[in-house]
Amino acid sequence: MSLSKLFSSVKPLRGIAKEFTIKDPAAYDFLWTIKSFSKFVCDNEGKQSSGIFKSKGFSWKLIIYPNGNIVNGQISLYLVPYIEMSHLSEALFKVSYELFLFDQNTGGTLSKKGENLGEFDDKMGFRNMIDLKSFRDSSNGYLMKDSCMFGVKILQIVPMQTPTECFYPMEKISHEFSWKIENFSKLDKKIRYTKKFTTGDYLWSIIIYPEGYKKTGNEVKDDNVSLYLSYDGTIQDIPEMKISVEFSLSIIDQIEGNHRRMTSTDVFKCSKACQGWSKFIPLKDFNDPTLGFIVNDNCIIVAQFIVLALVK
455 MSLSKLFSSV
465 KPLRGIAKEF
475 TIKDPAAYDF
485 LWTIKSFSKF
495 VCDNEGKQSS
505 GIFKSKGFSW
515 KLIIYPNGNI
525 VNGQISLYLV
535 PYIEMSHLSE
545 ALFKVSYELF
555 LFDQNTGGTL
565 SKKGENLGEF
575 DDKMGFRNMI
585 DLKSFRDSSN
595 GYLMKDSCMF
605 GVKILQIVPM
615 QTPTECFYPM
625 EKISHEFSWK
635 IENFSKLDKK
645 IRYTKKFTTG
655 DYLWSIIIYP
665 EGYKKTGNEV
675 KDDNVSLYLS
685 YDGTIQDIPE
695 MKISVEFSLS
705 IIDQIEGNHR
715 RMTSTDVFKC
725 SKACQGWSKF
735 IPLKDFNDPT
745 LGFIVNDNCI
755 IVAQFIVLAL
765 VK
């Protein structure tokens, strides 16, 4: 059975099953039933989207990561806006919302409120809506007969015609992380590889494309290694936070110490595009055994960075 058949976007009066009905369906803008939850492919890349619904004059959908999109063992739940042609002049807006998980034992809900600055196709919500252990505990009533229900209420939308940012300088603390990729020759060079790590209060990923990043299916692979740094949010799961970061990525020369290093300063936003270089190092240099980037079939990548400011 395909994943799409496991999901149904339900009308409020139908509830999740005959023995469970919503007390006040008009209190929600959208209700989403997921049946046969155990049939999910539960890896941290797996996700599923609801159908599109309308509220406050905009179109939306929900996205669930059944085992967490950043940290495993969590249910991640997000609200995603779709900007229609009539709203292109309102491409930036502040959204207040509330996400719900229904307790089928009592009819109550687990709810979390959020407020985000939204743009086209932004994800707004919570990396840890609930941990999987609590979700699966039948005494909590969230997963019953292998089915669950989520809801959403859009509380307020405030269009913002002029983008604004405010910087809050931070104490400058240097962070460093080293990633040793072993058995490099055995990797499938046509796909990307990701290493997640935590430093201080921040979650990150290093992303490498061993044969270069290909943007479209018609584009030929570049003769370069592509290397990026991705900001995955904070350990406190604060959805709106952006940070200004001075960072460098290095591929280590394990023979002479002539490392290939690039540096930049950028504003990182969780769930948005990563920062880095599509042409980090030519493949002919990277694969040259005399230059020391691959030694004993091992490659070492180092990320160094300083969080300069919080950005709101």
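In the numbering used here, each number is its position in the sequence shown, counted from 1, plus 454.
In this text, a Cβ means the ideal position worked out from N, Cα and C, and glycines have one as well.
- For Q690, the CB contacts under 8 angstroms within the same chain, skipping 5 residues up- and downstream, are D655 in chain order.
- According to DSSP, residue pairing for D720 in a beta bridge involves V699.
- C-alpha of M578 to C-alpha of V756: approximately 30 angstroms in a straight line.
- Boundaries for D576: no beta strand (DSSP E) harbours it, and the DSSP string shows neither H nor E there.
- Excluding the 5 residues flanking it on each side, K567 has same chain C-beta neighbours closer than 6 angstroms at E552, in chain order.
- Looking only at S503, L703 and S509, the smallest Cα-Cα distance to A481 is reached by S509.
- For S680, the closest C-alpha among the options G687, I692 and I661 is that of I661.
- Counting only residues of its own chain and dropping the five nearest sequence neighbours on each side, T653 has a CB closer than 7 angstroms to the CB of H629 and F631.
- If you draw a 10 Å sphere on the C-beta of D483, you find 16 or more other C-beta atoms in it, and that means buried.
- A straight-line Cα-Cα distance of about 36 angstroms links S550 and S702.
- Annotation: the continuous beta strand (DSSP E) that includes L609 extends over C602 to P613.
- Rounded to whole angstroms, the Cβ separation of I506 and Y532 is 14 angstroms, and the two are not in contact under 8 angstroms.
- Beta-bridge analysis with DSSP links Q558 to no other residue.
- Around the beta carbon of N559, fewer than 16 other beta carbons sit within 10 angstroms, so the residue counts as exposed.
- Contact check for K477 against G595 fails: the beta carbons are separated by 7 angstroms or more.
- Between the C-alpha atoms of I735 and N678 there is a straight-line separation of about 5 angstroms.
- An exposed status is given to V612, since fewer than 16 other beta-carbon atoms sit within 10 Å of its beta-carbon.
- Under the three-state reduction of DSSP output, S628 falls in the strand class.
- The C-beta of N526 has fewer than 16 other C-beta atoms within 10 Å across all chains shown, which makes the residue exposed.
- DSSP, reduced to helix, strand and coil, places K599 outside both helices and strands of the structure shown, so it counts as coil.
- Check the Cα spacing between Q610 and each of L745, F547, S565 and N637: the tightest is with F547.
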